[in-house]
Amino acid sequence: MVEDSIVRDASLDGRDLIVRYTPNDRSNHWITAISFILLALSGLAMFHPAMFWLSSLFGGGQWNRILHPFIGVVMFVSFALLAMRFFHHNLLDRDDIQWLKRMDDVIVNREDRLPEVGRYNAGQKLLFFTMIVCLLLLLLSGIVIWRRYFSFYFPIEVIRFAAVVHAATAFVLIVGIIIHIYAAIWVKGSIGAMVRGTVTPGWARKHHPRWFREVVKSERR
80 MVEDSIVRDA SLDGRDLIVR YTPNDRSNHW ITAISFILLA LSGLAMFHPA MFWLSSLFGG
140 GQWNRILHPF IGVVMFVSFA LLAMRFFHHN LLDRDDIQWL KRMDDVIVNR EDRLPEVGRY
200 NAGQKLLFFT MIVCLLLLLL SGIVIWRRYF SFYFPIEVIR FAAVVHAATA FVLIVGIIIH
260 IYAAIWVKGS IGAMVRGTVT PGWARKHHPR WFREVVKSER R
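One rule links them: number in the working numbering = place in the sequence shown (from 1) + 79.
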């Protein structure tokens, strides 16, 4: 399956479909997503006594503390591969700035009044770079507070500061992912694209018209 190509008569009713994500892209995304869920649950279990009961999902408090950083490494590596793969698609341009200035039209879904969107809109791009910053901070602060292997290399003041950074960054990331999930549900067809890997030409033309024209143009070469 080749990304950004049109598959003729691919749907059950004989319509053409556009490949938006390859199997590797989707596997990479879902590994990152599952890792995030596990990290959020295990992290919340350690954040406050009222949520310690979540540690039972991981075999108890000790296993929760052991598994959390290792899952974090898995998520960081998985997202790093995803980031390298899609970095060039998420660079902001002038149309993205105009898109952000017209947030009132975005909220009420008046897409005809917005600048034409390429593969990703400005909101998706900002979330992409937010995740890059958050995961870098989580990795660095996580290494400092990883008691079993690294924390004894750092003074207690640095460890305390890293713990605060880790918690604050995790909060920002959780909020960002909640917004990401809401947006995926709000724009019908987005979740299906990451499950099946394909979208209809109508969906592409409506939500990502500039990207749709690029796909059609490449097919005609």
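Note that CB positions come from ideal geometry on N, CA and C, so glycine has one too. Since we're looking at a predicted model, the values are computed, not measured.
Query, Result
"Closest to glycine 139 by CA distance: which of Val152, Gly151 and Gly122 is it?", "Gly122"
"Write down every uninterrupted run of the alpha helix (DSSP H) in the region 83–145 whose length is 4 residues or greater and which is fully enclosed by it, in chain order.", "102–126"
"Can you tell which of Val254, Val274, Phe291 and Arg292 has the C-alpha that lies nearest to the C-alpha of isoleucine 116?", "Val254"
"The alpha helix (DSSP H) with arginine 173 in it runs from where to where?", "173–180"
"So which of His147, Val187, Arg99 and Phe166 has the shortest CA-CA distance to tryptophan 265?", "Val187"
"Under the rule that 16 or more other beta-carbon atoms within 10 Å means buried, what is alanine 129, buried or exposed?", "exposed"
"Specify whether the region 176–190 and the region 200–207 touch according to this definition: at least 3 beta carbon pairs, one from each stretch, less than 8 Å apart.", "yes"
"What are the start and end residues of the alpha helix (DSSP H) that includes tryptophan 265?", "235–265"
"Which class does threonine 279 belong to by DSSP, given the choice of helix, strand or coil?", "coil"
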